[in-house]
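Heads up, the thing below is written out as structure tokens.
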Amino acid sequence: MRCHSQCDERGGWMKRKYRVGPYVDLDKDPITLPSGRVLDEVAAREMARDTLRGLRRGRPSLHGESGTSPEVRFRLEPQVKEELDAFARHRVLTPSQVMRDALRMYLDEHAS
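Residues in the sequence shown are numbered consecutively from 8, following this note's numbering.
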């Protein structure tokens, strides 16, 4: 198995920088880990698969459970977008946080 620690599963570069050592054929030269487990090609593949399976893409869900949060998209006038960005930047928030809060306030105020 030839893999470079700087590449993700899609072949893209990860943001963190790691030192890549020389290629090691783990079937010829297995490594014994501190736990005593022998790391051969099969074990290395299993470890890589388990590690990648544990990675999550994107932000955590808003409802605190696994899965993705629903997404709503809409268009804004350019001036409103500029105001939103400036407002969010000034308060060290993301535009999404501002829009979620504003929508929540609107719905609470207009609930019947």
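Every residue, glycine too, gets a C-beta built ideally from N, C-alpha and C.
Computed from a prediction, not measured in an experiment: that's the story for all the values here.
CA-to-CA distance, residue j to residue i, given in whole angstroms
i, j, result
"residue 8", "residue 83", "Note that residue 8 has pLDDT 39, beneath the 50 cutoff, so the model's placement of it is unreliable and no number is given."
"residue 57", "residue 51", "10 Å"
"residue 68", "residue 77", "9 Å"
"residue 87", "residue 102", "11 Å"
"residue 110", "residue 97", "19 Å"
"residue 99", "residue 61", "30 Å"
"residue 41", "residue 70", "39 Å"
Beta bridge counterpart(s) of residue i as assigned by DSSP
i, result
"residue 83", "None; residue 83 has no bridge partner."
"residue 45", "39"
Endpoints, alpha helix (DSSP H) assigned at residue i
i, result
"residue 110", "102–116"
"residue 48", "48–61"
Distance cut-off 8 Å: residue i Cβ against heavy atoms of the ligand GTP
i, result
"residue 99", "This structure lacks the ligand GTP; in fact it carries no ligand of any kind."
Contact check, residue i vs residue j, beta carbons under 9 Å
i, j, result
"residue 174", "residue 59", "The first residue shown for the chain is 8 and the last is 119, placing residue 174 beyond what the model contains."
"residue 105", "residue 95", "yes"
"residue 39", "residue 45", "yes"
C-beta neighbour in chain B for residue i, strict 9 Å
i, result
"residue 86", "The structure shown contains no chain B; it holds only a single protein chain."
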